[in-house]
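Okay, so the sequence shown: first residue is 2 according to the working numbering, each after it adds one.
Quick notes on the structure that follows.
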Amino acid sequence: MTKVDSVFAQFRLDNKIAFITGAGDGLGRVAALALGEAGAHVCVSDINLEWAEKVAEEIMKAGGAADARKMDVANNPEIESGIAGIIGQHGRIDILVNNVGLAKRAPTETLSLEDWNEIVQVNQTQVFVCSREAGKHMLRAGEGSIINVSSIMGLVGGGFYPNLPYHATKGAVVNMTRALAAEWAGRGIRVNAIAPTFVKTNLTIPVRADPIATQWIIDKTPMGRFAEPEELAGAFLFLASPAASMVTGQTLAVDGGWTAV
């Protein structure tokens, strides 16, 4: 094997089992396709089973391996039973991508406690539950990679609209990533996060429909544009793969320079 080949081989995920939440659309779909192409068997989960099945079909048509399952991350017992089902079927989880996220933009003074609790559950608590349940099996195996999807709004405090619970929970994900990485590093598990900028997904349709908001984002981004979903694929693959074997506790901003200025 040449040196070039050995470098590329570090990005292979052959015989690995990857579990991704919210993988039926957006960045979860991007992660699923990337890890599937790299050789992992991808357990594609989503609250919308039909979407999950379509992504699993995409992976298999491209020559990869995948299965689809319904999971509502707002339901903690459903997370626990879903992960137990994956372990029962495949025997292990090698890679976990905590991708699901939710935003409800509103002025803090009018934000309801119900909306706050829903966002905390989906953006933060489920990251803990998924990591705990998958982590139990990774710890027994002595290896694993967890990737949490945060946001640039977890690294900075402001935007063009009030969005306190999103900022708070995505910031929590950044520090949960650090804390869990420190706790489990000596036991073979790496924990990292990705902090994307505004990406052209369904989540940002309302923002992209507003010309003032769109221009504000473009002006704030040194690269002067929104990210394409596929531009996150390399970050997911790198952090999941042996190429990142000495990387843990880090948050990789994929943001066109947003947090650099």
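Glycine included, every Cβ here is placed at the ideal spot set by N, Cα and C.
As the structure is a prediction and not an experimental result, all values here were calculated from the model.
The three-state secondary structure of N118, taken from DSSP, is helix. Three or more beta-carbon pairs drawn from the segment 135-151 and the segment 190-202 are found closer than 8 Å, and the two stretches are therefore classed as touching. Taken in chain order, the complete alpha helix (DSSP H) segments of 4 or more residues contained in the segment 183-254 are 206-209, 212-221 and 234-241. The shortest CA-to-CA distance from A53 to any of A41, E81, A67 and Q125 is the one to A67. In the three-state DSSP reduction, K62 falls in the helix class (H, G or I).
Judged by pairs of C-beta atoms under 8 Å, the segment 157-175 does not touch the segment 222-232, as fewer than three such pairs exist.
Remark: C-beta atoms of A135 and I84 approach each other more closely than 8 Å. Under the DSSP definition of a beta bridge, K71 partners with D47. Where V31 is concerned, the enclosing alpha helix (DSSP H) starts and stops at G27 to E38. Rounded to whole angstroms, the separation of the alpha carbons of K221 and F239 is 27 Å. When DSSP states are grouped into helix, strand and coil, L165 belongs to the helix group.
The three-state reading of DSSP puts G89 in helix, counting H, G and I together.
Around A24, the same chain offers R30, A32, A33, V43, V45, S46, D47, A53, V56, V98 and N100 as residues with beta carbons nearer than 8 Å, after the five sequence neighbours per side are excluded.
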